[in-house]
Amino acid sequence: MIIINPDVGVMLFQFSPEIISSRIKETLASDNDEVNQIINYIVENSGKMIRPRLVMLSSAFYSSDSIIVRDVAVAIELIHMASLVHDDIIDRSLLRRGKQSVNGMWGNQVSVLTGDYLFAAAFQLINGYGLQDIMATVTETIRIMCTGEIKQMSMAHNLDITEEEYLDKTFGKTACLFAASCRAGALASSMPVQEVGHIEDFGLYLGYAYQIMDDVLDFVSDSLRLGKPVGNDLVQGNITLPVIYALRKPGVG
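Below, the structure written as C-alpha cells:
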C-alpha cells in the first residue's frame, strides 16, 4: 500500500511557483547580459508549472530529500521551456502566453541557442546529484519528443490520420513528458521500483487528456484566453482529434 509522506505532502500543497522560478534564474544565471535578459523574459512569462507539480506529487508517496526533488522539478521545467522555445520556431509562432515568443523578440538563431542552453542546464542540474536513472529518463523522453515532432510534421495536411496515429504523435508531443515528470519525482524519492510504473502511467494518461483538451480549446477559445493564436494547428496542417471526429460527420468530411 502506498502511504503519502506527510512532510513532502505539505510541501506539495504549499507549492510555490516563485521557488521554482527563483531556482531557475539561479541555475541559468550567466555573465552575459543578453542571456540573462532572455532568461528573465522566459521565466517571467512562464505558465502554470504543471510538470514540476507532478514531480513533487510523485515524490510525496515516500520519503525524499526536498532539495533534490525541487531541483529535479526545476530540471523538468527547463526541459519543457526548451521544447516550447523550439516549438515556436518550428510553428513560426510569434505569440506565447499572450506575449511575444522568444523568436518573436530575438529571432530564430538566438532562440535555437536559448533552447539548447535550457536543455544543457537541465542535464547539468540532474548530473550534479549523480541521478543517472533520472538522467536516462529525461534523455529518452527528449528523444521521443523530437521523434514526435517529426511525426507530426510528416503527417501535416493528412486528412486520413487515424485516432491511433493521433495518440501516437500526442505521446511524443505531450504525454511522454507528463509521464517522465511523474517517473522522475518517484525516482527522486525512495519509491520501490515496482511501483514507479503506476505513477508514470498516471502522468501518461493525464498528458493525453491535457493535449486533447488543448486541441479542443484551439477551436472554442480565443487568443486572449489561450495565450496563443487560435486555429494555429489548422494553419500548420496539424490534424487533431476534434478534426478527426468532425470529418466523420456526414456533410463535414
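So in this note's numbering, spot 152 of the sequence shown is number 156, and the numbers just go up one at a time. We treat Cβ as the ideally placed atom computed from N, Cα and C, and that holds for glycine. The structure displayed is predicted, hence computed values, not measured ones.
Excluding its 5 nearest sequence neighbours in each direction, E204 has C-beta neighbours in its own chain below 6 Å: A183, C186, R187, listed in chain order. Between the alpha carbons of L58 and V73 lies a distance of about 11 Å. Under DSSP, the beta-bridge partners assigned to K103 are R100. If you look at Y133, you'll find it isn't in any alpha helix (DSSP H); DSSP assigns it neither H nor E. Approximately 7 Å separates the beta-carbon atoms of V142 and A79; this is inside 8 Å, confirming the contact. Per DSSP, L82 is one residue of the alpha helix (DSSP H) stretching across 70–94. Contact check between the region 54–71 and the region 26–41: fewer than three CB pairs, one atom from each, fall below 8 Å, which does not count as touching. Here I71 is exposed: its Cβ has fewer than 16 other Cβ atoms, across all protein chains shown, within 10 Å.
With contacts defined by Cβ atoms closer than 8 Å, S97 and S87 do not form a contacting pair. With contacts defined by Cβ atoms closer than 8 Å, Y170 and L99 do not form a contacting pair. Counting along the chain, the unbroken alpha helix (DSSP H) around T31 starts and ends at 21–32. Counting of Cβ neighbours within 10 angstroms places T166 among the exposed residues, the total staying below 16. Inclusion of A125 and L32 in the CB contact set at 8 Å is warranted, their separation being smaller than that value.
Assignment of beta-bridge partners to S193 by DSSP yields S68.
In the three-state reduction of the DSSP assignment, H202 falls in the helix class. Secondary structure note for L163: it is in no alpha helix (DSSP H), with a DSSP letter that is neither H nor E. Ranked by how close their Cα comes to the Cα of I138, the residues V197, E30, I42, G241 have V197 in first place.
For I54, the uninterrupted alpha helix (DSSP H) run begins and ends at 54–63, by DSSP. Where Q240 is concerned, there is no enclosing alpha helix (DSSP H), because DSSP gives it neither an H nor an E. By the neighbour-count definition (other C-beta atoms within 10 Å, threshold 16), H161 is an exposed residue.
If you draw a 10 Å sphere on the C-beta of L61, you find 16 or more other C-beta atoms in it, and that means buried.
By the Cβ neighbour-count rule, A179 is buried, with 16 or more other Cβ atoms within 10 Å of its own.
Comparing C-alpha distances from T145 to each of F19, M157, K177, E168 shows the shortest one belongs to K177. If you draw a straight line from the Cα of F123 to the Cα of L82, it comes to about 7 Å. Closest in C-alpha terms to V116, from the list Y133, G108, V89, comes V89. By the neighbour-count criterion, in which a residue is buried when 16 or more other Cβ atoms sit within 10 angstroms of its Cβ, D75 is buried. Y45 is a Cβ neighbour of M109, given a cutoff of 8 Å.
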